[in-house]
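A.B. asks: FYI, the numbering for the sequence shown is 1207 to 1484, going by the numbering used here.
Glycine residues also receive a C-beta, built at the ideal position from the N, C-alpha and C atoms.
Handing you a structure now.
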Amino acid sequence: MSAPDYRKRGFAAGLRWLPAAAELLFSGFRPLAGLAALWLLVSMIAVVPIVGQLAVMLITPLLTAGAIAAFAQLSAGRRPAPTMLFAAWGRPELRNRLFALGAFGIMGSLLVLLVVASWLSGQVTPDQIQAAQQSQQAMAEMLEQISLGPMLLVAAALLAVVMAAMYFAIPLVMFRDITTASALAGSLRAVVANWSAFLGFGLAVIAMVVGLGFVFGIVLMTLGLALGTTAQMIAQVVFMLVAMLVQVLMAGSQWVAFTDVFGSPGGNRQEPDDQLLA
1207 MSAPDYRKRG FAAGLRWLPA AAELLFSGFR PLAGLAALWL LVSMIAVVPI
1257 VGQLAVMLIT PLLTAGAIAA FAQLSAGRRP APTMLFAAWG RPELRNRLFA
1307 LGAFGIMGSL LVLLVVASWL SGQVTPDQIQ AAQQSQQAMA EMLEQISLGP
1357 MLLVAAALLA VVMAAMYFAI PLVMFRDITT ASALAGSLRA VVANWSAFLG
1407 FGLAVIAMVV GLGFVFGIVL MTLGLALGTT AQMIAQVVFM LVAMLVQVLM
1457 AGSQWVAFTD VFGSPGGNRQ EPDDQLLA
């Protein structure tokens, strides 16, 4: 089945996606905070060397699908449970398609890394990279030596294509019941067609990150004055929790953007949607 038709939205519409998602987040903060904590717990498998990080990348679309389903319930006036994070696991066909999206993300990331490695190999040596990881001065010297080139632009373009192809692909396979390839192609077309909306969305995200960084810096400074060295440990815990809430908020933004560009799930595809959100 091919991807459904999409609508074109402008800059102002993209600016509203993040605030709309934040409004949904605060309307169901307790269950979504529980979902974020559960997501953080699952993400701990990333500490396993090599395999753990790949596993997290593979299952991230499935977990994102669960978070999007939770926002869909909030939009329908329901109260999602934190276990909604695993909503897609019980549907084998959907689960396999989401795993395929995860595999696509892994392959795309590896391709980008290969291009970046090729770009770096002609400018710095492995010894310089190793020294830069251990010394700020060596890092500064290495950065001065590096010059921008076409390979870096190729890597940036590849990363943009991978991100655009995956952005709407997750809700498309969930709510439109289409194949992975059709979802990736449909997502890429929709993102390119709505570039101005995503420009507005990107500016909203940048403003949020700057604001959170400013607030976090003030909180960290206050904790440091009050608690001394203990503040660093507390700050790390707070940072992880806030980061997971932001990740859940980004999933909410995907839901808001999806309904704005592709329309709310319903019509002749209502039965699978109800099955997922039950």
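#1: Excluding the 5 residues preceding and the 5 following S1324 in the sequence, name in chain order all residues of the same chain whose CB lies nearer than 7 Å to its CB.
#2: At which residue ranges does the segment 1299 to 1323 contain complete alpha helix (DSSP H) runs of 4 or more residues, listed in the order of the chain?
#3: Figure out for me which residue from A1403, V1443 and M1439 has the closest Cα to the Cα of S1459.
#4: Out of G1417, G1220 and I1265, which one is the CA nearest neighbour of I1251?
#5: Taking the alpha-carbon positions, what's the Q1336 to M1439 distance?
#6: Determine the contact status of A1361 and L1394, defining contact as a CB-CB distance below 8 Å.
#7: In chain order, which alpha helix (DSSP H) runs of at least 4 residues are fully inside the segment 1411 to 1447?
#8: Using three-state DSSP, classify S1353 as helix, strand or coil.
#9: Counting C-beta neighbours from all protein chains within 10 Å, is the total for P1542 16 or more, i.e. buried, or is it exposed?
#10: What are the boundary residues of the alpha helix (DSSP H) that T1331 is part of?
#11: Could you check if S1249 is buried or exposed, using at least 16 other CB atoms within 10 Å of its CB as the buried criterion?
#12: Which residue wins for smallest C-alpha separation from L1455, given the options A1226, K1214, G1355 and G1328?
#13: For T1270, is the classification buried or exposed, using 16 other Cβ atoms within 10 angstroms of its Cβ as the cut-off for buried?
#14: Quick one: which unbroken alpha helix (DSSP H) runs of 4-plus residues sit fully inside the segment 1211 to 1249? Chain order, please.
#15: Closest to L1224 by CA distance: which of A1294, F1277, L1300 and G1272 is it?
#16: Within the same chain, show all residues whose beta-carbon is closer than 7 Å to that of V1462, passing over the 5 residues directly before and after it, in chain order.
#17: Just checking, does the segment 1327 to 1347 make contact with the segment 1384 to 1398 on the three C-beta pairs under 8 Å criterion?
#18: Identify which residue in S1353, E1347 and V1262 has its Cα closest to the Cα of G1308.
#19: Taking the Cβ atom as the reference point for each residue, do Q1453 and W1245 lie within a distance shorter than 8 Å?
#20: Grouping DSSP H, G and I as helix and E and B as strand, with all else coil, what is R1382?
#21: State the start and end residues of the unbroken alpha helix (DSSP H) segment that holds M1263.
#22: Given a cut-off of 8 Å, decide if V1467 and A1215 are closer than it, judged by their beta-carbon atoms.
C.D. replies: With the given structure in hand:
#1: M1357
#2: none
#3: A1403
#4: I1265
#5: 27 Å
#6: no
#7: none
#8: coil
#9: What the structure shows of the chain is the stretch from 1207 to 1484, and residue 1542 is not part of that stretch, so it cannot be assessed.
#10: Here T1331 belongs to no alpha helix (DSSP H), and DSSP marks it neither H nor E.
#11: buried
#12: A1226
#13: buried
#14: 1217 to 1233 and 1235 to 1249
#15: F1277
#16: W1223, A1226 and A1227
#17: no
#18: V1262
#19: yes
#20: coil
#21: V1257 to S1281
#22: According to the sequence shown, residue 1215 is Arg rather than Ala. Their beta carbons are under 8 Å apart, which means R1215 touches V1467 by this criterion.
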